[in-house]
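All letters in the sequence shown, in the order written, are residues 3 to 336 by the working numbering.
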Amino acid sequence: MCALNVLYSCDDNYAPYTTVSVCSLLANNKSFDAINIYIILDRVSKENRQKLYEQINLYQAKFFPIDANEIVQDIIKLDLPKYRDSYATYFRLFFDKYISADKEKLLYLDSDTIVCGDLSHLINENMREQCIYAVQEALADKYKKMIGMSVDEPYFNAGVLLINLKNWNIYGCKMKILQHIKSVRNKYCSPDQDLLNIVLKGKVSFINPQYNFQPIHRLMNDIDYKRVYKIKTYYSNEELEYARNNPVILHTYRFLGKFPWHKDSLHPDTQIFNYYLKMSVLKGFEKKKAQVGLMIKIEKFLFIHMPRKYFFRLFKFVQEWNFKRQNQILLGGK
Numbered sequence: 003m004c005a006l007n008v009l010y011s012c013d014d015n016y017a018p019y020t021t022v023s024v025c026s027l028l029a030n031n032k033s034f035d036a037i038n039i040y041i042i043l044d045r046v047s048k049e050n051r052q053k054l055y056e057q058i059n060l061y062q063a064k065f066f067p068i069d070a071n072e073i074v075q076d077i078i079k080l081d082l083p084k085y086r087d088s089y090a091t092y093f094r095l096f097f098d099k100y101i102s103a104d105k106e107k108l109l110y111l112d113s114d115t116i117v118c119g120d121l122s123h124l125i126n127e128n129m130r131e132q133c134i135y136a137v138q139e140a141l142a143d144k145y146k147k148m149i150g151m152s153v154d155e156p157y158f159n160a161g162v163l164l165i166n167l168k169n170w171n172i173y174g175c176k177m178k179i180l181q182h183i184k185s186v187r188n189k190y191c192s193p194d195q196d197l198l199n200i201v202l203k204g205k206v207s208f209i210n211p212q213y214n215f216q217p218i219h220r221l222m223n224d225i226d227y228k229r230v231y232k233i234k235t236y237y238s239n240e241e242l243e244y245a246r247n248n249p250v251i252l253h254t255y256r257f258l259g260k261f262p263w264h265k266d267s268l269h270p271d272t273q274i275f276n277y278y279l280k281m282s283v284l285k286g287f288e289k290k291k292a293q294v295g296l297m298i299k300i301e302k303f304l305f306i307h308m309p310r311k312y313f314f315r316l317f318k319f320v321q322e323w324n325f326k327r328q329n330q331i332l333l334g335g336k
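Structure, rendered in structure tokens:
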């Protein structure tokens, strides 16, 4: 079995959740000859770094910490705006400074992922001339038009990316991203994800959603989902049902203003997050309440009391309005 090379990035706030994700990854992938874990760390405390080291060392994997200081300076020079008060979302764009192409493949994982299955089939895929493998974004619809994509073009979620390092260099992906930032546009609602979708168009293969299974598909049946979101290019009901029954990576991104690590969260992945939290080295971890505003509280009330298909129609409308407003602000509108 080949080596597994994995990249994370986090600041101090997300370091504990990265530890839980790493725990799930290592617990379910013991067949690889070696596992190398690279983590770009932005002002992560000594205590949180030690927990990451303990978790990785527990499974005899190798830990390669990367200090984010130099990357942050590059980001500032490019005039890229912070996303949720952090530059961490951009870090994955600068991995080639620290990870050489002789590694062949690199799996990037967001800190809010849980790896609940074996990755060997994915890692052993023949990527041919493609630069990345990714899963389509479940919530993209009219949003694509706002960033200059056709509604018929698939749009991927960047929380899980299998990167062919050789092809990434051959096709000059990093250079094309930087050129786009400098010459076309540097501010997007979904910052690096939009950049990757626009710049890497045609160099992406879309894989089964079991490798980035998103919360909405745990909350809605497939018929209602397609009626509400009407995404023209998407997975079949059979593919979604297979992924639902055989998930390999769960993407536990924010839902109703909360993640699974928040107290009193209604997130559908809370139970499985708790399972790996207890398995991890984070003994005594206490969940805290998320700081949410009135709109999120109203959203939560409606989610509890409305039929799902009607709730998600409203959810989709509000989301699209928010994206449109954010996009206008980023473009200098009022």
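We treat Cβ as the ideally placed atom computed from N, Cα and C, and that holds for glycine.
From a predicted model like this one, the values you see are computed outputs, not experimental measurements.
In chain order, what residues of the same chain have a beta carbon less than 6 Å from the beta carbon of Asn7, not counting five sequence neighbours either side?
-> Take Asn7, set aside five residues on each side of it, and the residues of its chain with a beta-carbon closer than 6 Å to its own are Asn38, Lys105, Leu108, in chain order.
According to DSSP, is Ala292 helix, strand or coil?
-> In the structure shown, Ala292 adopts coil according to DSSP, grouped into three states.
Would you please state the rounded distance, in angstroms, between the beta carbons of Asn290 and Asp266? I believe it to be under 8 Å.
-> Rather than Asn, the amino acid found at residue 290 in this sequence is Lys. Distance from Lys290 to Asp266 at the Cβ level is roughly 10 Å; contact not present, criterion being Cβ atoms closer than 8 Å.
Own chain residues within Cβ distance below 7 Å of Trp263, not counting five before or after = Apart from the 5 residues on each side of it in sequence, Trp263 sits with its Cβ closer than 7 Å to the Cβ of Tyr19, Phe275, Lys289 in its chain, given in chain order.
For Asp114, does the count of other Cβ atoms within 10 angstroms reach 16, so buried, or fall short, so exposed?
-> Buried, because 16 or more other Cβ atoms sit within 10 Å of the Cβ of Asp114.
In the region 213-245, which residue ranges form an unbroken alpha helix (DSSP H) of at least 4 residues, counting only runs that do not cross its ends?
-> As far as the region 213-245 is concerned, its whole alpha helix (DSSP H) runs of at least 4 residues are 218-221, 224-231.
Output the distance between the C-alpha atoms of Gly341 and Tyr16, rounded to the nearest integer angstrom.
-> Outside the shown range of the chain (3 to 336) lies residue 341, about which nothing can therefore be said.
Straight-line Cα distance separating Phe96 from Leu54 | Using only the alpha carbons, I get a separation of about 21 Å.
What first and last residue would you give for the alpha helix (DSSP H) that runs through Ser11?
-> Residue range 6-13 is occupied by the beta strand (DSSP E) that includes Ser11, with no alpha helix (DSSP H) assigned at that position.
Stretch-stretch touch, CB-based, cutoff 8 Å, three pairs: the region 86-101 with the region 142-154 = Contact check between the region 86-101 and the region 142-154: fewer than three CB pairs, one atom from each, fall below 8 Å, which does not count as touching.
Bounding residues of the alpha helix (DSSP H) (the contiguous stretch that carries Thr20) | Note, Thr20: alpha helix (DSSP H), 17-29.
If you draw a straight line from the C-alpha of Leu284 to the C-alpha of Ser47, how long is it?
-> Roughly 15 Å between the two C-alpha positions.
Measure the Cβ-Cβ separation of Leu342 and Val206 and say whether it is below 8 Å.
-> Outside the displayed range of the chain (3 to 336) lies residue 342, so it cannot be described from this structure.
Is the CB-CB distance between Lys318 and Val230 below 8 Å?
-> Yes, these two residues count as a Cβ contact at 8 Å.
With 16 other Cβ atoms within 10 Å as the buried cut-off, status of Glu240 | Burial state of Glu240 is exposed, judged by a 10 Å Cβ sphere holding fewer than 16 other Cβ atoms.
If we cut at 8 Å on Cβ distances, does Ser11 have a partner in chain C?
-> Of the protein chains in the structure, only one exists, and it is not chain C.
Helix, strand or coil at Tyr110 according to DSSP, with G and I counted as helix | In the structure shown, Tyr110 sits in a strand (DSSP, three-state: E or B).
Grouping DSSP H, G and I as helix and E and B as strand, with all else coil, what is Val186?
-> Three-state DSSP puts Val186 in coil, outside helix and strand.
Cα separation between Ala103 and Gln75?
-> Between Ala103 and Gln75, the alpha-carbon positions lie close to 24 Å from each other.
Looking at the unbroken beta strand (DSSP E) that takes in Lys64, where does it start and where does it end?
-> Per DSSP, the unbroken beta strand (DSSP E) holding Lys64 starts and ends at 64-69.
Ranges of the alpha helix (DSSP H) found wholly within the region 269-322, counting only runs of at least 4 = Counting whole runs of 4 or more residues, the region 269-322 contains the alpha helix (DSSP H) stretches 272-281, 296-307.
Relative to the alpha-carbon of Arg2, which residue among Ile225, Arg51, Lys280 has its alpha-carbon at the smallest distance?
-> Any property of residue 2 remains undetermined from this structure, which presents the chain solely from 3 to 336.
Proximity to Ile41 [Cα-Cα], best of Ser23, Tyr277, Asp35, Phe34 | When Ser23, Tyr277, Asp35, Phe34 are compared, the shortest CA-CA separation from Ile41 is found for Ser23.
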